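Chemist: Pasting a structure below so you can have a look.
In my numbering, the protein residues as written are 9 to 199.
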């Protein structure tokens, strides 16, 4: 057993906490439980350096500009699976997560949602993903440190069984470039 306190959450209950024990579909990832030493080594070699590097990059830009916007982008399955809070439910094409308005200014979340909606995409906010550790750790809007998670539905660009690109890949790529250009304009107007 872990020697210290554990921050239990819905994710840890699902087997996808700090160190995942289950792969897609609830399949065990390891033939045996990881030892405390294995987990401590992973935290020291990967988790802590990664978070320190993200913090350093954001801090440098904050010192330079007095404001920072951080985007944490992911892909998500088209339908919730057994390891999610929404098993069997079809998901929006984009899900924006700002932890219920606590990690970035509401105007930024609304801007991203409106930009994607204007391109014809279905956008959900904080459902089913609110944003997790990165946006929680780095989003402090009262200090002008904004962090938003963006989940992209895989059905927009790939076949989830074969993992092959679909015809939608090119259109999504072009739309993401348009989104980046719009975000750059948003940031320039406020920095």
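Virtual Cβ for every residue (Gly too), placed ideally from N, Cα, C.
On a predicted model such as this, the values are computed, not experimentally measured, just so you know.
Can you tell which of 181, 168 and 177 has the C-alpha that lies nearest to the C-alpha of residue 86?
Modeler: Selected option, being the one with the closest Cα: 168.
Chemist: Put residue 184 into one of helix, strand or coil per three-state DSSP.
Modeler: Helix at residue 184.
Chemist: Residues bridged to residue 119 by DSSP?
Modeler: According to DSSP, which records beta bridges pairwise, residue 119 is partnered with nothing at all.
Chemist: Using a 10 Å radius around the Cβ and a threshold of 16 neighbouring Cβ atoms, would you call residue 139 buried or exposed?
Modeler: With 16 or more other Cβ atoms within 10 Å, it is buried.
Chemist: Closest by CA to residue 80, which one among 171, 165, 159 and 199?
Modeler: For the residues 171, 165, 159 and 199, the minimum Cα distance to residue 80 belongs to 159.
Chemist: Do the region 67 to 75 and the region 118 to 137 make contact, defined as three or more Cβ pairs closer than 8 Å?
Modeler: In short, these stretches do not touch, since the Cβ pair count stays below three.
Chemist: Give every residue of the same chain whose Cβ lies closer than 6 Å to the Cβ of residue 177, excluding the five residues on either side of it in the sequence, and list them in chain order.
Modeler: Around residue 177: 165.
Chemist: Mind checking residue 84: buried by the 16 CB within 10 Å criterion, or exposed?
Modeler: Buried, since its Cβ has 16 or more Cβ neighbours within 10 Å.
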